[in-house]
Each structure stands twice: as structure tokens, then as C-alpha cells.
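Undergrad: Sending over a structure as C-alpha cells; questions will come in a sec.
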Amino acid sequence: MAGIVGAMRRRPSEVDPATVDGLLEIAAGPERDLAFPVHRLAAQARVRPEELAAAIAAGIPPTAQFRRVGADGAYVNFQVDPVELVRATLDLALGRGERYGHFAPTGESVCVEHTSANPTGPFHIGRVRNAIIGDSLARALRAAGPGVTTQYYVDDMGRQSAMITWLWSRPPERWPEPVRAAVAGQGSADEKPDRRRGRPYPALSAQLKSDPATAESVAELVRRIEQGDPPPEHEAVAREVLGGMLASLGRLAITFDEFVWESQFVRDGSVARILERLRAAPHAAQEENGAWSIVATQYGLPKESDRVVVQRKDGTSLYVTRDLAYHLAKFSRFERVIDVLGQDHQLHARTLEALLAELGEPRRPTFVLYQDLTSPEGGRMSTRGGSAVWLDDLLDEARERARREVLQRRDDLGPAEVEAISEAVATGAIRYHVVRVAPEKPVKFRWEEALSFEGRSGPFVQYAYARASSVLRKGDAARPPYPFEPALLVGGEELALARVVSRLPRTVAYVARSAHVHALAGYAHELADQFNRFYHAVPVLAGGEARESRLALVAAVRQALGNALRLLGIAPLESM
RNA sequence: GGGCGCGUAGCCUAGCCUGGAUAGGGCACCGGGUUCCUAACCCGGCGGUCGAGGGUUCAAAUCCCUCCGCGCCCGCCA
């Protein structure tokens, strides 16, 4: 690369080297690895682009690294020596093994907050996008070098958590009749706690609209909780429900390093200290009734939202104030803070930024905003509207469909193997389906699409991995360190495959930089796709003198596929 | 009304940050492929005013402006 830039710099000597660097592009194509469009230089030099391209190409001799340098229309194309490309790629992929595509630790500390769903019932798929994007991003960041800590922010301060506590701090006989009726005869003794505890929640939510007495009772409980005097059931029930939700997420291989309870910032006095600082802040203003707010127009907030109330008239804190305390705590421990948020929190994110500025904190979180899943009819996936789909139910349905697929093509597996493969295929399909789309794109949830096992899907990638594994198993002499002769691997399908393998590190770096985790899903599909083409076109085990070298290529592909799948939180399968 | 996001074939989607060579994939549909390493696969075909209009540029899906459509948000809720 450096040699090329040097050569380009020498050619039209009056050209600014930075211009050359900026124009040189990585161009995928069978005959080119780097391309240089000469249009701009041609315009400056007032010559025809084709002539200039030919002149430049003629002036650059092939080197050891770049076998071919040629003019193609208005482009100068460079092709990396295929033998060198194959040698370097396989050396790296096989040598680094599970660390292929991973970078050395940078020492940077990053906090990724994601999911943070309120523990008021089972985890529903309206929130699953947050969890999958957040978990995949954390994995990619870790691979790129920073030290990553994932955090789940647990809301135990608001009305929603108070409602669950209200229900379970009294016997069901004392629930309003409609709430009791709504759950009567449902559930079983052995069901998950999130489902059991969460069942009356929608009914209570509806009841509060028409039942002032119950509403006041819940409001009273909210005040008790805010004053630091919650009933004993408060934390216990929240933990129970949260445990059930985490079990669901665990099926998707989603776990968290730390759980941060919102109430801790009230208890430890940090909210009080921050309120003190806010009241003394440059744009603080006290309302007539005693509440405090910050006038935040100069921070670019929409005019209607420029007065950010940070303290109620009764002196208590608000969600945004506690979140501010949380973020200041994060910044005291981590150099970078990333929040995965639904885009309905966009204004909240801007408000948080304004308050951080108001308190003189120079750093800002990086917000990864995603569009919430919508129901097929077009509305939001909501618990109350009855359009909610529990994550467990989605995963169970996916597993059943996967099981049918497995049984249809395999009769040599025991029940445990069928079960394991079905679960891995099901969760792989769901994770891939969610992560493959750019977060900002709106997505309608459709069962048939979410459960697809073909084409651009998780199982497609898993299948390619299983095939590669199978070939390696059958090439019984094949085992590390996989000796190979790169000159035997420069056929069209083989070279194309090596090229894709070589792109994994670049892709990981891009994902960590841009937070575009869907690029990793795209990469995994491309690699599986190219492997399938190779697989059909090129015999490996019957490869004659190329057999050992091809096995090495397959081993490198398997490594890259496996690493990419693990970064996506999808289980690589030796067999399926 | 204001703010943010999205708009690419019947459906879904990549590319947009950092403008360049015939806009990549997938589903569906049509036609092929299994005495051979797993057919959850492969090969071929069909299908595109990149929402509309204007601007910048040698060059626009990509940058700028206007408009249209869809979603979300605009609480002393979280």
C-alpha cells in the first residue's frame, strides 16, 4: 500500500500526495484490490482521463506485492499478488485462531449500557432489538481492543416498578376485582416468575384509569419508595422478575457484567449533591411553586422542551436527574460511555447532553438509537395492547420449527443432539434476523421473516460452518498447523474466498468505530456465501495434490466464520 | 406546529458518514443441479424513475435545498 501511494505521488509530481491518498480506494473485484480514479487529476491537467490513466499505469512497474498495475478506462487498478494474499491471509487466520479478527488491548475502558427493560413482566420482543444490538456491539468493541463493561440499568424508582410491588405486597384477595378476574385460573405452579408476577400488570394498568382509590394507593406507594421506605417485597419481586427476564436473554447468550439499580443514586446521596449543583448552575431557575428547572435553549433543544425540570415542587428527583447521576458515575469510571436506546428516547438523550454540559462535564455518551419493532398491523408492540409477543414464546416457536427441519434431514442424532441443534439454530436465526438490519431502520415484526432459516439468515451461516467442520473431520490427516502451498490456492473461487476471509479484521474495526453492527452480519453472510460457491465448485477431499492446501483454506474459513458468529452471539455448530 | 429517524424491484435489505467503473444480497416467482466433501446448498432467469423536484460537480443512491409519505418524541412519567 505504501509503495503504491509512493508511486502515485511520483507520477504527476505537482499533485498533492494527500489528494492521492484520499482518492485511492479499496475496490473489490476479481482483477483489482485497489483502484485509483484519475478524473480529478485529468481535469486539473486538462487531458483525457483514459490517456492519463494509461500514462500513470505505464509508469508504475509491478512489484512483489502488486502483481498487476493496469489502466482500465479512467482508473488505474492494482492487484495484490494472489499468492501473497493467500499466504498472508491463511497464515494470519490459522495462526491467530480464535483471536483472528481481534486486536490487541488498547487500554481504553468503555461502558455499554443496553436493554435496561423494566422488570414488570416477561421480556417481550419489543425490547429484543436493544438487547441484541447492545450485546453484539459490546462483543465487537471487545474484539477491537477496548475493555468493555456491559451494564443493565434497573428501574426500581418509578410508577411501573411500584405497580408490581403494589400487587405482590398484598394478597390477590385484596386486588381490585377486575384485576383478579383477569388472571383467574391462569398460570401454573412451575411457571417462570416473570410470567407469574407480570400477569396481573396489564389489568392493573387498565384499572388505574378508572379507579381513583387504587390509583391513589399506588401513588402513595410511589412516594414511599421515593422516600427510601419501600415495602420488603419491592426489591425481592423486582429481582425475581428480572431473573426470569435474564433467563430468556440467556438463551440468546446475552449476559451483563453489572446491574445498576436506579434507587442507589438516591440512597447514596449523589442525586442530592447533583441537585445542589444544578440549582447553582448558570441556567438554573426556580418555578413559582418551588420546582427547579434548567433553561436549556442554548443547548439546541427544541423550543417546546427548553425548560428541563430537574426537581419537583416537593423536592424529589426525576428520572432525568437520576439518569444524570448515573451518567456522571459512569464517566468517573469509564473513558467512553455508550447507550443503546430506542429512538423514542431521542429527546431524553439530548436533554441528558444538555444537563451534562450545564454541570461542566465535557464528555458525552455515544447514543446508538434504534427504531422500535412495530407490530405487523403497524402499531407499537405493547404489553397493554395485547400485541406483545414474549421472547420465550418466540424462541420456543423457533425451536420447534428448527426441530422439524433437523428431523427432516437427520436420522442419526440422539434426542439431546436434536435438542441442542434446534435451540442453537433457533436462537441463531432470531439474533441474525434482528442484527442484520441497520438500527435506525424501522422494522415490522413478522413471524415468517423472523423464523427464516434460508437465504440471508443465521442458519445459513451456521450451515456453512458445519460444512467446513465436516470437511475437516473427513480429511482425517488435516489438523493444525495445516501446511499449505499458496500457489495451489489462486483459482477463481479459492482466491475470492481468501479475499473475504482477509476482510474480517477490517470489518471488526469498522463495526467498533461506527457501531454499525449490521455490517458484521453482512460480512458473515458474504463469507458463508462465497464458501458455498467454493464448496460446490472445488473438490477438497478429492483435490489431488491441492488437497492439503484446500483443507488449510477450509480451516481458515471455518475459523473466520466461527469468530464472526461468536461476535454476533450465534453458536457455531460442528454439525446440523 | 417543532425535533429526530426512515423512504432503494411485489416484499425485505446493503451501499449514504468519506460522491466515482454495469446499485450488491435475500424472499417470492420461473428453469436447471444430489451414483461426488451435509440440497438449511448451488447455477441460470425475471424484476430498479435509488419517494418527488431542484441545486452543486467532469461525475449524485451518496452532498445541499424544497416538498411528499411513514414512524417516534415534544409530562413536575419512566
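Just so you know, this note's numbering puts 533 at position 533 of the first sequence, and the rest follows in order with no gaps. Ideal placement from N, C-alpha and C gives every residue a C-beta, glycine not left out.
1. Just reading off the beta strand (DSSP E) that N77 is part of, what are its end residues?
2. Report the residue ranges of all beta strand (DSSP E) runs contained in full by the region 77-114; include only those spanning at least 3 residues, in chain order.
3. Which residue wins for smallest C-alpha separation from L275, given the options V557, V309 and G187?
4. I'd like the ranges of any beta strand (DSSP E) spanning at least 3 consecutive residues and lying wholly in the region 299-323.
5. Please state whether DSSP places I4 in a helix, a strand or coil.
6. What does the Cβ neighbour count give for R142, buried or exposed, with the cut at 16 atoms within 10 Å?
7. Could you please give the first and the last residue of the uninterrupted alpha helix (DSSP H) stretch that includes G250?
8. Using a Cβ distance threshold of 8 Å, determine whether the region 142-153 contacts the region 184-198, with at least three qualifying pairs required.
9. Should the region 334-347 be called in touch with the region 365-374, which here means at least 3 C-beta pairs below 8 Å?
10. Tell me whether D314 is buried or exposed, calling it buried when 16 or more other Cβ atoms sit within 10 Å of its Cβ.
11. Just the Cα atoms here: how many angstroms apart are I294 and T351?
12. Can E262 and V112 be called in contact, C-beta distance under 8 Å?
13. Could you check the C-alpha separation between T316 and V222 for me, to the nearest Å?
14. Identify whether E25 lies in helix, strand or coil by the three-state DSSP scheme.
15. Taking the straight line between their C-alpha atoms, what separation do you get for A498 and G492?
16. For the alpha helix (DSSP H) containing L137, list its first residue and its last residue.
17. Quick check on this structure: which residue in A53, V260, W175 and A424 has the alpha carbon closest to the alpha carbon of Y326?
18. By the 10 Å Cβ neighbour count, where 16 or more other Cβ atoms means buried, how is G73 classified, buried or exposed?
19. Do M381 and G562 have their CB atoms nearer than 8 Å?
20. Cutting at 7 Å between CB atoms, please list the residues of its own chain near V500, excluding the five before and the five after it.
21. Can you tell me whether DSSP reads W175 as helix, strand or coil?
22. Compare the beta carbon distance of L252 and I430 with 8 Å and say whether it is the shorter of the two.
23. Identify, in the order they occur along the chain, each residue of the same chain with its Cβ nearer than 6 Å to the Cβ of P572, setting aside the five sequence neighbours on each side.
24. Return the residue from the list T106, T374 and A357 that minimises the CA-CA distance to L328.
25. Hey, could you find the ends of the beta strand (DSSP E) W261 is sitting in?
26. Taking the alpha-carbon positions, what's the V443 to A291 distance?
27. May I ask you to report which of helix, strand or coil DSSP gives D529?
28. Buried or exposed for I26, please, with buried defined as at least 16 other CB atoms from any protein chain shown within 10 angstroms of its CB.
29. Exposed or buried, Q408, counting other C-beta atoms within 10 Å across all chains shown (16 or more means buried)?
30. Based on the DSSP output, what are the partners of Q264 in its beta bridges?
31. Please confirm if the region 121-135 is in contact with the region 83-91, defined as three or more CB-CB distances below 8 Å between the two stretches.
32. Along the chain, where does the alpha helix (DSSP H) that runs through V435 open and close?
33. Starting from the C-beta of S332, find all residues in its chain whose C-beta is less than 8 Å away, skip the five residues before and the five after it, and write them out in chain order.
34. Between the Cα of V538 and the Cα atoms of L347, A468 and A519, which residue gives the shortest distance?
35. Between which two residues does the beta strand (DSSP E) harbouring V337 extend?
36. Does the Cβ of R579 have 16 or more other Cβ atoms within 10 Å, making it buried, or fewer, making it exposed?
TA: On the basis of the coordinates in this document:
1. Within the first sequence, numbered from 1, the residue matching residue 77 stands at position 77. Counting along the chain, the beta strand (DSSP E) containing N77 begins and ends at Y75 to V80.
2. Runs of the beta strand (DSSP E) inside the region 77-114: 109-113.
3. Taking the first residue of the first sequence as 1, we reach residue 275 at position 275. V309 is the residue among V557, V309 and G187 whose C-alpha sits nearest the C-alpha of L275.
4. Listed in chain order, they are 307-311.
5. On the first sequence, position 4 is the one that residue 4 refers to. Interpretation of I4 is limited by its pLDDT of 46, a score under 50 that renders its predicted location unreliable; no figure is taken from the coordinates.
6. For the purposes of this step, residue 142 is taken as residue 142 along the first sequence, with counting starting at 1. It is buried - the Cβ of R142 has at least 16 other Cβ atoms within 10 Å.
7. Here residue 250 is taken as the residue at index 250 of the first sequence, counted from 1. Following the DSSP letters along the chain, one finds G250 inside the alpha helix (DSSP H) bounded by residues E233 to R251.
8. Cβ pair count under 8 Å is below three, so no.
9. Flag = yes, the region 334-347 and the region 365-374 touch.
10. Stepping through the first sequence from its first residue, residue 314 is reached at position 314. Residue environment: D314 is assigned as exposed (fewer than 16 neighbouring CB atoms within 10 Å of its CB, all protein chains considered).
11. By one-based count along the first sequence, residue 294 stands at place 294. By one-based count along the first sequence, residue 351 stands at place 351. For I294 and T351, the distance between alpha carbons rounds to 10 Å.
12. Taking the first sequence and counting its residues from 1, one reaches residue 262 at position 262. Taking the first sequence and counting its residues from 1, one reaches residue 112 at position 112. No Cβ-Cβ contact shorter than 8 Å links E262 with V112.
13. For the purposes of this step, residue 316 is taken as the residue at position 316 of the first sequence. For the purposes of this step, residue 222 is taken as the residue at position 222 of the first sequence. The straight-line gap from Cα to Cα measures roughly 11 Å.
14. If you number the first sequence from 1, residue 25 lands on position 25. Three-state DSSP puts E25 in a strand.
15. For the purposes of this step, residue 498 is identified with residue 498 of the first sequence, where counting begins at 1. For the purposes of this step, residue 492 is identified with residue 492 of the first sequence, where counting begins at 1. Cα to Cα, A498 sits roughly 10 Å from G492.
16. The residue labelled residue 137 in the question sits at position 137 within the first sequence. Start and end: V128 to A144.
17. The residue labelled residue 326 in the question sits at position 326 within the first sequence. Minimum Cα distance to Y326 is reached at V260.
18. Here residue 73 corresponds to residue number 73 of the first sequence, with the count starting at 1. Result: exposed.
19. One-based indexing of the first sequence puts residue 381 at position 381. One-based indexing of the first sequence puts residue 562 at position 562. For M381 and G562, no; Cβs fall outside 8 Å.
20. Locating residue 500 in the first sequence gives position 500, counting from the first residue. Here the set comprises E526, L527 and Q530.
21. The sequence position of residue 175 within the first sequence is 175, counting from 1. When secondary structure is reduced to three states using DSSP, W175 falls in the coil class, being assigned neither helix nor strand.
22. Within the first sequence, the letter at position 252 stands for residue 252. Within the first sequence, the letter at position 430 stands for residue 430. The beta carbons of L252 and I430 sit closer together than 8 Å.
23. In the first sequence, the residue the question calls residue 572 occupies position 572. Leaving aside the five residues that flank P572 on each side, the residues in its chain whose CB is nearer than 6 Å to its CB run, in chain order, Y465, G562 and L565.
24. Within the first sequence, the letter at position 328 stands for residue 328. Of all alpha-carbon atoms in T106, T374 and A357, the one lying nearest the alpha-carbon of L328 is that of A357.
25. Counting from 1 along the first sequence, the entry for residue 261 is found at position 261. E258 to W261 is the extent of the beta strand (DSSP E) around W261.
26. Residue numbering aside, residue 443 sits at position 443 when the first sequence is read from its first letter. Residue numbering aside, residue 291 sits at position 291 when the first sequence is read from its first letter. Cα atoms of V443 and A291: separation of roughly 40 Å, rounded to the nearest angstrom.
27. The residue given as residue 529 occupies position 529 in the first sequence. Reduced to three states, the DSSP call for D529 is helix.
28. Along the first sequence, read from residue 1 onward, the residue named residue 26 stands at position 26. I26 counts as exposed, since fewer than 16 other C-beta atoms from the protein chains shown sit within 10 angstroms of its C-beta.
29. Against the first sequence, residue 408 aligns to sequence position 408. Exposed, since its Cβ has fewer than 16 Cβ neighbours within 10 Å.
30. Looking up residue 264 in the first sequence gives position 264. The partner list for Q264 (beta bridge, DSSP) is empty, contrary to what the question assumes.
31. No, they do not touch.
32. Looking up residue 435 in the first sequence gives position 435. Here the alpha helix (DSSP H) through V435 covers P415 to V435.
33. As a working mapping, residue 332 is identified with position 332 in the first sequence. Result list for S332: empty, nothing under 8 Å.
34. Residue 538 sits at position 538 when you count from the first residue of the first sequence. The residue from L347, A468 and A519 with its alpha-carbon nearest to that of V538 is A468.
35. The residue given as residue 337 occupies position 337 in the first sequence. Start and end: R336 to G342.
36. As shown, the chain starts at 1 and ends at 576. That puts residue 579 outside it, with no answer to give.
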